[in-house]
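Please read the structure below before turning to the comments.
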Amino acid sequence: AQQQRNLDNIVSQHPRIGGGKKYKKDVCASSDLEVKNTSPMSEQDSGILDVEDEDDDEEVPGAQDLVDFSPVYRCLHIYSVLGARETFENYYRKQRRKQARLVLQPPSNMHETLDGYRKYFNQIVGFFVVEDHILHTTQGLVNRAYIDELWEMALSKTIAALRTHSSYCSDPNLVLDLKNLIVLFADTLQGYGFPVNQLFDMLLEIRDQYSETLLKKWSGVFRNILDSDNYSPIPVANEELYKKIIGQFPFQDPELEKQPFPKKFPFSEFVPKVYNQIKEFIYACLKFSEDLHLSSTEVDDMIRKSTNLLLTRMLSNCLQNVIKRRNTGLTELVQIIINTTHLEKSCKFLEEFITNITNVLPETVHTTKLYGTTTFKDARHASEEEIYTNLNQKIDQFLQLADYDWMAAEPGSKASDYLIDLIAFLRSTFAVFTHLPGDVDVHSTMSGKVAQTACMSACKHLSTSLMQLLLEAEVRQLTLGALQQFNLDVEECEQFARSGPVPGFQGDTLQLAFIDLRQLLDLFIQWDWSTYLADYGQPTCKYLRVNPTTALILLEKMKDTSRKNNVFAQFRKNERDKQKLIDTVAKQLRSLINSHHL
1 AQQQRNLDNI
11 VSQHPRIGGG
21 KKYKKDVCAS
31 SDLEVKNTSP
41 MSEQDSGILD
51 VEDEDDDEEV
61 PGAQDLVDFS
71 PVYRCLHIYS
81 VLGARETFEN
91 YYRKQRRKQA
101 RLVLQPPSNM
111 HETLDGYRKY
121 FNQIVGFFVV
131 EDHILHTTQG
141 LVNRAYIDEL
151 WEMALSKTIA
161 ALRTHSSYCS
171 DPNLVLDLKN
181 LIVLFADTLQ
191 GYGFPVNQLF
201 DMLLEIRDQY
211 SETLLKKWSG
221 VFRNILDSDN
231 YSPIPVANEE
241 LYKKIIGQFP
251 FQDPELEKQP
261 FPKKFPFSEF
271 VPKVYNQIKE
281 FIYACLKFSE
291 DLHLSSTEVD
301 DMIRKSTNLL
311 LTRMLSNCLQ
321 NVIKRRNTGL
331 TELVQIIINT
341 THLEKSCKFL
351 EEFITNITNV
361 LPETVHTTKL
371 YGTTTFKDAR
381 HASEEEIYTN
391 LNQKIDQFLQ
401 LADYDWMAAE
411 PGSKASDYLI
421 DLIAFLRSTF
431 AVFTHLPGDV
441 DVHSTMSGKV
451 AQTACMSACK
461 HLSTSLMQLL
471 LEAEVRQLTL
481 GALQQFNLDV
491 EECEQFARSG
501 PVPGFQGDTL
511 QLAFIDLRQL
521 LDLFIQWDWS
531 TYLADYGQPT
541 CKYLRVNPTT
551 ALILLEKMKD
561 TSRKNNVFAQ
571 FRKNERDKQK
581 LIDTVAKQLR
591 SLINSHHL
């Protein structure tokens with residue numbers, strides 16, 4: 001017991017223990033390992049002192065230069081002389097295991113700052129540097145098996161602590177700094193012969209987390225860019241501004257280059273901004289892969305996969321949100337189509353950008369391809385669908401203003417006011433489509449596919465809506481005068497279709513959108529039932545588009561149900577004969593309908 005007390009008194013005066021050998025200064029932040037109280041070694045351990053590494057060839061002080069190990073050596077000598085060496089060895093190892101557990105317990109707020117991680121790593125490094133020095137300067141006080149056992153425990157606890165605390169981090173810069181710290185920590189301990197492969201494996205897990213934090217950050221970046229964009233072509237007043245834009249975004253248009261200033265690029269500002277942010281994201285991904293001992297192929301694959309997630313998840317969602325936003329107008333939607341067309345074309349330059357960074361050729365087997373083309377095509381298609389939907393909604397709003405007098409004796413002198421306003425709106429809308437600036441390909445796309453489809457979609461929707469208006473159940477009775485007024489409105493629609501609101505339609509293609517209405521109205525206004533019934537079912541039938549069910553519904557509305565509102569007075573024929581004729585036609589129509597069902 002007296003010997004134990006003497007040992008405790010000697011060791012308690014031991015000032016500080018640090019770590020030696022040549023290691024990287026970034027890991028070596030200030031920390032202390034105090035030997036206190038009444039145990040041979042303290043239960044408060046800390047790592048390595050800051051070491052200035054201004055010159056890579058300068059020898060860094062070792063453990064023996066920073067720590068006075070003489071109390072430990074004296075204790076070992078005393079116990080050896082007394083024949084109780086094994087007692088001291090067991091005591092020393094037991095106390096150091098306790099201290100190791102304390103060292104390996106991270107503070108609860110370690111994840112909040114990089115300094116918290118640094119202090120934690122310093123404690124661990126300091127502990128094992130001391131043990132390594134004891135291993136090499138004593139005979140048997142510690143052995144390799146003992147140190148390996150301690151390191152295995154330390155490694156598992158360290159990895160568990162890092163997994164837990166790093167998961168709280170949402171700042172990609174802090175995650176990147178942590179990665180660099182872990183690499184230095186691993187490289188330092190590897191220099192002392194400790195296996196650190198598990199640490200590098202864990203870094204691959206943290207890499208996935210880093211990618212997620214990057215994706216969230218860039219989602220906000222894209223959202224801000226799209227929200228602040230004016231969705232108008234970029235104007236340039238001089239050569240300097242022109243070169244600035246083409247320096248930010250790969251764009252070439254010989255025709256635009258020839259135009260005098262001021263002139264406009266076809267795309268809005270979000271195109272070069274988004275393109276450059278994608279490149280910044282790629283750089284950020286590359287930073288994490290440094291010093292991870294990965295092959296260039298692995299780095300290339302990691303960057304491409306992360307970039308694909310950026311395009312298909314974050315950028316795609318941001319674009320879809322803008323497209324679906326209520327206040328996004330037709331002009332903005334058309335500009336989005338143009339913008340995404342140019343961004344799609346730029347994907348090949350992003351491929352080249354990654355190739356130049358990683359030196360992995362795109363032809364290499366298993367090389368991941370960028371999905372940017374799909375992302376921008378999807379956004380373009382969504383914009384197109386939204387254009388068609390918005391146009392139809394606008395048409396519906398105009399149709400709600402329709403106020404037909406279904407019992408009118410005579411038609412008006414012109415088309416209904418609501419329809420004239422509707423046609424004027426459609427003309428101005430399609431003028432926007434066909435006068436957008438842009439290169440030949442984009443202009444062709446806009447005035448061709450999108451504008452034509454939108455125009456045809458609008459005409460078909462208008463035709464269908466007018467037909468529904470005519471046949472709706474609330475209209476129980478109508479006069480020939482009302483039908484003639486309705487015919488004036490349809491003629492206005494046909495005139496719009498004939499005028500070529502967008503280029504590219506062949507012949508009367510656009511007019512065919514109203515063919516069902518035209519044939520139905522001609523049949524009733526001309527009262528040409530004999531032709532209809534005689535030719536029904538023949539390919540060359542004059543009223544091929546008139547469905548007998550539709551004709552019957554409209555005919556029922558024109559029956560003479562009241563002497564006061566005789567709808568056939570204008571035909572100047574015998575009312576009884578007329579009623580018989582209607583009944584006969586209705587009977588034949590029902591026969592056609594029944595035979596068709598059979």
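Taking full-length UniProt numbering, the leading residue of the sequence shown gets 1, the next gets one more, and so forth.
All C-beta atoms in this analysis are idealised placements derived from N, C-alpha and C, irrespective of residue type, glycine included.
Alpha-carbon spacing of residue i relative to residue j, whole angstroms
| i | j | result |
| --- | --- | --- |
| Glu-131 | Lys-179 | 26 Å |
| Leu-226 | Ile-282 | 20 Å |
| Tyr-210 | Ser-170 | 9 Å |
| Leu-598 | Ala-586 | Any reading at Leu-598 must be qualified, since the residue scores a pLDDT of 48, below 50, and its modelled position is unreliable; no value is offered. |
| Ala-382 | Gly-537 | 40 Å |
| Arg-380 | Glu-491 | 34 Å |
| Arg-518 | Gln-468 | 14 Å |
| residue 599 | Ile-387 | Here the chain has residues from 1 to 598 only, and residue 599 is not among them. |
| Leu-512 | Met-314 | 42 Å |
| Ile-134 | Leu-181 | 26 Å |
| Tyr-231 | Leu-330 | 11 Å |
| Ser-80 | Ser-296 | 56 Å |
| Leu-589 | His-461 | 27 Å |
| Leu-592 | Leu-319 | 52 Å |
| Gln-99 | Leu-155 | 15 Å |
| Val-450 | Asp-577 | 53 Å |
| Lys-580 | Phe-524 | 16 Å |
| Leu-510 | Thr-540 | 21 Å |
| Leu-401 | Leu-470 | 15 Å |
| Lys-557 | Ala-551 | 10 Å |
| Asp-508 | Ala-497 | 8 Å |
| Glu-269 | Glu-332 | 13 Å |
| Leu-521 | Val-334 | 36 Å |
| Thr-113 | Asp-396 | 58 Å |
| Gly-247 | Arg-427 | 38 Å |
| Ser-316 | Glu-212 | 16 Å |
| Ile-582 | Leu-554 | 11 Å |
Backbone secondary structure at residue i - three-state DSSP
| i | result |
| --- | --- |
| Val-196 | coil |
| Val-271 | helix |
| residue 605 | Outside the displayed range of the chain (1 to 598) lies residue 605, so it cannot be described from this structure. |
| Val-546 | coil |
| Val-236 | strand |
| Phe-505 | coil |
| Asp-45 | Its pLDDT being 32, under 50, Asp-45 is placed unreliably by the model, and nothing is read from it. |
| Asn-390 | helix |
| Asn-308 | helix |
| Phe-524 | helix |
| Gln-139 | coil |
| Arg-101 | helix |
| Asn-565 | Confidence at Asn-565 is low in this model, with a pLDDT of 48, below 50, so the placement of that residue should be treated as unreliable; the coordinate-derived value is given next. Coil. |
| Asn-339 | helix |
| Glu-298 | helix |
| Thr-369 | For the sequence presented, residue 369 should be read as Lys rather than Thr. Reduced to three states, the DSSP call for Lys-369 is coil. |
CA nearest to the CA of residue i, picked from the options
| i | options | result |
| --- | --- | --- |
| Ile-336 | Pro-107, Pro-266, His-111 | Pro-266 |
| Lys-394 | Thr-355, Ser-465, Gln-588, Thr-368 | Ser-465 |
| Asn-143 | Leu-350, Tyr-92, Asp-253 | Tyr-92 |
| Thr-164 | Gln-139, Met-110, Val-236 | Met-110 |
| Asp-417 | Cys-493, Ala-451, Gln-452, Gln-99 | Cys-493 |
| Pro-106 | Phe-222, Met-558, Gly-116 | Gly-116 |
| Thr-531 | Ile-357, Tyr-543, Thr-549 | Tyr-543 |
| Lys-324 | Glu-385, Asp-421, Leu-399 | Glu-385 |
| Phe-127 | Arg-96, Lys-217, Ser-70 | Arg-96 |
| Leu-419 | Phe-430, Leu-488, Phe-353 | Leu-488 |
| Val-271 | His-342, Val-236, Gly-247, Leu-203 | His-342 |
| Ser-70 | Arg-101, Glu-86, Thr-137, Lys-94 | Thr-137 |
Cβ separation of residue i and residue j, assumed to be a contact under 8 Å, to the nearest whole Å
| i | j | result |
| --- | --- | --- |
| Phe-486 | Ala-454 | Rounded, the Cβ-Cβ distance is 25 Å, inconsistent with contact. |
| Thr-340 | Phe-376 | 4 Å |
| Leu-141 | Pro-172 | With a Cβ gap of about 45 Å, Leu-141 and Pro-172 do not count as contacting. |
| Pro-250 | Ser-346 | 6 Å |
| Thr-373 | Glu-352 | Not a contact, Cβ separation roughly 15 Å. |
- prompt: Can at least three beta-carbon pairs, one atom from the segment 286-304 and one from the segment 217-237, be found at a separation below 8 Å?
  reply: no
- prompt: So does the segment 247-259 actually touch the segment 200-215, counting three or more Cβ pairs closer than 8 Å?
  reply: no
The segment 237-248 / the segment 292-308 touching (three or more Cβ pairs under 8 Å): no
field: Meets three-Cβ-pair contact criterion under 8 Å: the segment 348-367 and the segment 397-406
entry: no
message: Counting beta carbon pairs with one atom in the segment 194-205 and one in the segment 142-162, are three or more of them shorter than 8 Å?
response: yes
- request: Evaluate contact between the segment 289-305 and the segment 270-280, counting only Cβ atoms and requiring at least three cross-stretch pairs below 8 Å.
  value: no
field: Touching by the beta-carbon criterion (3+ pairs, under 8 Å), the segment 61-75 and the segment 112-123
entry: These segments do not touch.
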